[in-house]
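Just below is one structure, and these are the notes that go with it.
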Ligand SMILES: NC(=O)C1=CN([C@@H]2O[C@H](COP(=O)(O)OP(=O)(O)OC[C@H]3O[C@@H](n4cnc5c(N)ncnc54)[C@H](OP(=O)(O)O)[C@@H]3O)[C@@H](O)[C@H]2O)C=CC1
Ligand SMILES: O=C(CO)COP(=O)(O)O
């Protein structure tokens, strides 16, 4: 089956490289620069050499000839991108590779795809995986979610490669919530470590953060078991413990009180604000998310954030 990847950031490029070791793949970028000649994405994924089967284009219509299309643009850019290319994407299977919740609507990628390209089939590819690991051929296991089980099975066999092992699920809401929420908790963990609060504080934030993920999942009719899988617990573990994570590194900078490059893609920043707003609207208790949102908006500092968490009324676990 023909596959295309739209968006040549670090993740889109890494997925295209892995898939192209198995089948022909077209990678679309709005600016291909020297990629086609140099056979590497020097700006976003230096070191990931392109296999022969990988073609690069800046003509979206050419990439959209493929039946299966992976979309790897950042979450807050997804809707505008889909609307701009709506005619090309109609009737396709669209696999969202972004992790986050849209700030204006509180929707995840599946909801945004359903609204923007109503006759497409939405799916989600998410789970613990750094682009550099995938591009280097290191083993990774991900969740592939699509509401239609038959389509999900076909996609699973199309998109599984030598180093991408895909587990399928029909719980798209659970898969996308895990990927979105783990980034918020990673910012909290980075802030705690950056401020010198220690590994025990990080373990507490990961565990109580996981409880927040499950609370939101239940509210959104997702399965708590999905949150316990690769897309939730798996990605939470990776992102909260590695300096390869941009979300964790933003947290580290906040904890250390040093500046962070504002051009870096950090999905957890907008998502924290989106989920905090959702929590208020729904009357959900998500204290770590609320603290991260306040920290990002500079309404509190890390000491105040920890204080707000530690002085909450005592409760049953
Ligand atoms: N990096 C990773 O390890 C992983 C990332 N992800 C997820 O993948 C998604 C993308 O992240 P990542 O690839 O790392 O991000 P990058 O910052 O590396 O790249 C973002 C890409 O999106 C493109 N882009 C931005 N805005 C638009 C737009 N309006 N229209 C078209 N293209 C646009 C950029 O194009 P340009 O280069 O022209 O600016 C760039 O190619 C995120 O949701 C992230 O959470 C998931 C798992 C792992
Ligand atoms: O989602 C990721 C790993 O699974 C990448 O994390 P960052 O976006 O924090 O770098």
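In our numbering, the protein residues as written are 10 to 326. Cβ atoms here follow ideal geometry from the backbone N, Cα and C, with glycine treated the same way. None of these values were measured; they are calculated from a predicted model.
- Residue state for residue 280 is assigned as helix, using DSSP reduced to three classes.
- With a cutoff of 7 Å, residue 55 does not count as near ligand 1, since its C-beta is closer than that to no heavy atom of the ligand.
- Sorting 278, 145, 300, 251 by C-alpha distance to the C-alpha of residue 172 places 145 at the top.
- Between residue 108 and the set 160, 91, 99, 187, the nearest pair of CA atoms involves 187.
- For residue 194, the enclosing alpha helix (DSSP H) has its first and last residue at 181-203.
- Each of 215, 241, 180, 43 was checked against the Cα of residue 231, and the nearest Cα belongs to 180.
- Counting only unbroken stretches of 4 or more residues, the alpha helix (DSSP H) elements lying wholly within the segment 211-272 are 233-236, 244-248, 255-265, in sequence order.
- When DSSP states are grouped into helix, strand and coil, residue 14 belongs to the strand group.
- In terms of CA proximity to residue 228, 182 leads the group 264, 182, 270.
- DSSP, read as helix, strand or coil, puts residue 36 in strand.
- Distance between residue 14 and residue 79, taken at the CA atoms: about 5 Å.
- If one requires a minimum length of 3 residues, the beta strand (DSSP E) runs lying completely within the segment 58-86 are 63-66, 77-80, in chain order.
- In this structure, DSSP gives residue 178 an extended state, which the three-state scheme calls strand.
- Under the DSSP assignment, residue 274 falls outside any alpha helix (DSSP H); it carries neither an H nor an E label.
- Non-local C-beta neighbours of residue 211 in its own chain, meaning closer than 7 Å and more than five positions away in sequence, comprise 198, 201, 202, 249, ordered along the chain.
- Rounded to whole angstroms, the separation of the alpha carbons of residue 113 and residue 287 is 11 Å.
- With at least 16 other beta carbons inside 10 angstroms of its own, residue 264 counts as buried.
- Cβ-Cβ distances below 6 Å link residue 273 to 255 in the same chain, with the five nearest sequence neighbours on each side left out; the list follows chain order.
- Distances taken from the Cβ of residue 139 to the heavy atoms of ligand 2 include one shorter than 7 Å.
- Put simply, the backbone Cα of residue 170 is about 11 Å away from that of residue 147.
- One alpha carbon belongs to residue 283, the other to residue 115, and they sit about 6 Å apart.
- By the Cβ neighbour-count rule, residue 131 is buried, with 16 or more other Cβ atoms within 10 Å of its own.
- In this structure, the C-beta of residue 208 stays at least 7 Å away from each heavy atom of ligand 1.
- Between residue 150 and the set 27, 73, 42, the nearest pair of CA atoms involves 27.
- According to the DSSP secondary-structure assignment, residue 152 is paired through a beta bridge with 135, 176.
- Straight-line measurement puts the Cα of residue 48 at about 32 Å from the Cα of residue 278.
- By the Cβ-count criterion, residue 137 is buried, with 16 or more other Cβ atoms from all chains shown falling within 10 Å of its own Cβ.
- Scanning 168, 184, 313, 65 for the CA closest to the CA of residue 119 turns up 184.
- Between residue 105 and residue 133, the CB-CB gap stays under 8 Å.
- The three-state reading of DSSP puts residue 91 in helix, counting H, G and I together.
- Excluding sequence positions up to five before and after residue 243, its CB lies within less than 7 Å of the CB of 136, 137, all in the same chain and listed in chain order.
- Residue 102 carries a strand assignment under DSSP once its states are collapsed to helix, strand and coil.
- At a threshold of 7 Å, residue 252 does not count as near ligand 1, since its beta carbon sits no closer than that to any of the ligand's heavy atoms.
- Under the DSSP assignment, residue 21 falls in the alpha helix (DSSP H) whose first and last residues are 19-29.
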